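So the sequence shown is numbered by my numbering: it starts at 273 and just counts up by one. Every residue gets a Cβ at the ideal spot worked out from N, C-alpha and C, and that includes glycine. Since the model is a prediction, treat every value here as computed from it, not as a measurement. Here the structure is laid out as structure tokens; the discussion comes afterwards.
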Amino acid sequence: DATWSGGMEALQRAYDSIATGECVAAIVGSSSLIFAPQLSHHYQNMGRLSEDSITRSFSADANGYARSEGCVALFLQRAEHAKRSYATILGINTLNFGAKLNSFTEFSEEGYKRLLKGAYSKAKVKPEELAYLEADGVASRKVDAQELNAVSEVLLPGRRTPLLIGSVKSNLGHAEASSSLISVVKALIAMEKGVIPPNLNYSSPNPD
Numbered sequence: 273d274a275t276w277s278g279g280m281e282a283l284q285r286a287y288d289s290i291a292t293g294e295c296v297a298a299i300v301g302s303s304s305l306i307f308a309p310q311l312s313h314h315y316q317n318m319g320r321l322s323e324d325s326i327t328r329s330f331s332a333d334a335n336g337y338a339r340s341e342g343c344v345a346l347f348l349q350r351a352e353h354a355k356r357s358y359a360t361i362l363g364i365n366t367l368n369f370g371a372k373l374n375s376f377t378e379f380s381e382e383g384y385k386r387l388l389k390g391a392y393s394k395a396k397v398k399p400e401e402l403a404y405l406e407a408d409g410v411a412s413r414k415v416d417a418q419e420l421n422a423v424s425e426v427l428l429p430g431r432r433t434p435l436l437i438g439s440v441k442s443n444l445g446h447a448e449a450s451s452s453l454i455s456v457v458k459a460l461i462a463m464e465k466g467v468i469p470p471n472l473n474y475s476s477p478n479p480d
């Protein structure tokens, strides 16, 4: 179980299958639906959910996330076969989503650094060439700070312009199993429209 990165894991499988010639196209989908309250109660007891159901990604007053539902489907094919292309996948790296080995709920800053370095190395993209980063932004002050610290160390050295960072969770809440593909869809729409949706519910920078 890839938990919240499940959609991205499926996307990587599809990408690899097309790249190796196993298939010429693929439909990648994920869904997250809330049918019963038990998991919400569990997350609430763990202190993961926002008491006022507002997701404040990267904000000083972040107090957890609001659960949401979502279904996503993406169609992938080789660029030479596409009648219309929304984006080109340069590479995917989902082999380490940053969790510590002893708990899937704990975030490893070092693991996330390895993930970022591996992703941009595989895509042959220099960090200073990156214009926008669609981040996790789970609205935990501790985890958000760890994520931003990792981003600062890996992606900011050598930059001459600010790196724009956002999280769709501030717009839609946390769709959990579908959250990673929803982030991809947000980035695609931003590229097509030429507009990056702002982070909602943001007051001031996370002081941590």
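- With a cutoff of 8 Å on beta-carbon distance, A332 and E381 are scored as not near each other.
- Judged by beta-carbon spacing, S304 lies within the 8 Å limit of E341, meaning their Cβ atoms are closer than that value.
- Look at the beta carbons and you see the segment 384-399 not touching the segment 451-470: under three pairs across the two are nearer than 8 Å.
- When the beta-carbon positions are compared, G390 and S439 stay at least 8 Å from each other.
- Per DSSP, the continuous beta strand (DSSP E) segment holding E406 begins and ends at Y404 to E406.
- Between E419 and A403, the gap from beta carbon to beta carbon reaches 8 Å or more.
- Taking every protein chain shown into account, the CB of S450 has 16 or more other CB atoms within 10 angstroms, so this residue is buried.
- Only residues of its own chain outside the window of five on either side were considered, and among them K385, L388, K389 and P399 have a CB closer than 7 Å to the CB of V426, listed in chain order.
- In this chain, the beta strand (DSSP E) harbouring V344 covers G342 to Q349.
- Annotated as proximal: D480 and K414, with beta-carbon spacing under 8 Å.
- The alpha-carbon of R432 is positioned some 26 Å away from that of L472.
- Around the beta carbon of A411, 16 or more other beta carbons sit within 10 angstroms, so the residue counts as buried.
- With a cutoff of 8 Å on beta-carbon distance, T327 and Y315 are scored as not near each other.
- Cα atoms of L428 and G278: separation of roughly 28 Å, rounded to the nearest angstrom.
- In the structure shown, P434 falls within a coil segment according to DSSP collapsed to helix, strand and coil.
- DSSP places Y474 in the coil class of the three-state scheme, outside both helix and strand.
- By the neighbour-count criterion, in which a residue is buried when 16 or more other Cβ atoms sit within 10 angstroms of its Cβ, K355 is exposed.
- V300 carries a strand assignment under DSSP once its states are collapsed to helix, strand and coil.
- Shortest Cα-Cα distance from S329 to any of I454, V457, L444 and S289 involves L444.
- Counting along the chain, M318 sits inside no alpha helix (DSSP H), nor does DSSP assign it H or E at all.
- As computed with DSSP, R413 is found in no beta bridge at all.
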